[in-house]
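According to my numbering, the sequence shown is numbered sequentially starting from 2. Don't be surprised by glycine CBs; every beta carbon is placed ideally from N, CA and C.
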Amino acid sequence: RAEGEDARAPPAGVISKEAGTRTSRSCMLRPAQTAVVERLERRVAALTQMPLACLERLVVVRYAPGEYFDEHHDGKFRPRTVFIYLNDLPDGDGGDTFFPHLGLSFVPRAGCAVMW
Numbered sequence: 002r003a004e005g006e007d008a009r010a011p012p013a014g015v016i017s018k019e020a021g022t023r024t025s026r027s028c029m030l031r032p033a034q035t036a037v038v039e040r041l042e043r044r045v046a047a048l049t050q051m052p053l054a055c056l057e058r059l060v061v062v063r064y065a066p067g068e069y070f071d072e073h074h075d076g077k078f079r080p081r082t083v084f085i086y087l088n089d090l091p092d093g094d095g096g097d098t099f100f101p102h103l104g105l106s107f108v109p110r111a112g113c114a115v116m117w
């Protein structure tokens, strides 16, 4: 980035759209974009017991400190959701995946997944 540029602004040529319910950044991956992505898609298909062809494209989401995704539901068009955490968060730092109606909270741990 050039000096004085907003570090939170997307890089040149990247289109960004804001949502009122979240402040994270995300990137949608192409199906089988790499061998690692393809292997991960196969594992998610097996875990969810869904055909590979029925999976949505994988999305990588980044939350910086203080960013959030407000309470929401994924809707009936999404029969299963799987979060795979890529990094740890220190205990007490926030960033949990919280299900308020169930009273459940999951602290991200690298390599762990939550499915609902």
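* **Residues near Arg26 in its chain [Cβ-Cβ closer than 6 Å; skip 5 each side]** => Against the sequence shown, residue 26 aligns to sequence position 25. Result list for Arg26: Arg63, in chain order.
* To do: Whole angstroms is fine: what's the gap from Tyr86's alpha carbon to His74's?
  => Stepping through the sequence shown from its first residue, residue 86 is reached at position 85. Stepping through the sequence shown from its first residue, residue 74 is reached at position 73. Straight-line Cα distance between these residues: approximately 19 Å.
* Would you mind sorting Val60 into buried or exposed? The rule is 16 or more other CB atoms within 10 Å of its CB. => By 1-based counting over the sequence shown, the position of residue 60 is 59. It is exposed - the Cβ of Val60 has fewer than 16 other Cβ atoms within 10 Å.
* Asked: So, Pro52 versus Glu42, is the Cβ gap smaller than 8 Å?
  -> To locate residue 52, count along the sequence shown from 1; it is residue 51. To locate residue 42, count along the sequence shown from 1; it is residue 41. Cβ distance not < 8 Å, so Pro52 and Glu42 don't count as in contact.
* With DSSP run on the structure shown, which of helix, strand or coil describes Val115? -> Residue numbering aside, residue 115 sits at position 114 when the sequence shown is read from its first letter. Residue state, collapsed to three classes: strand.
* What residues in its chain sit with their C-beta under 8 Å from that of Asn88, if we drop five residues either side in the sequence? -> As a position in the sequence shown, residue 88 is number 87, starting the count at 1. Only Pro109, Ala111 meet the Cβ criterion.
* Got a sec, what are the start and stop residues for the beta strand (DSSP E) Val61 sits in? -> If you number the sequence shown from 1, residue 61 lands on position 60. Where Val61 is concerned, the enclosing beta strand (DSSP E) stretches over 60 to 63.
* Asked: So who's on the other strand from Met51, going by DSSP bridges?
  -> For the purposes of this step, residue 51 is taken as residue 50 along the sequence shown, with counting starting at 1. DSSP lists no partner for Met51.
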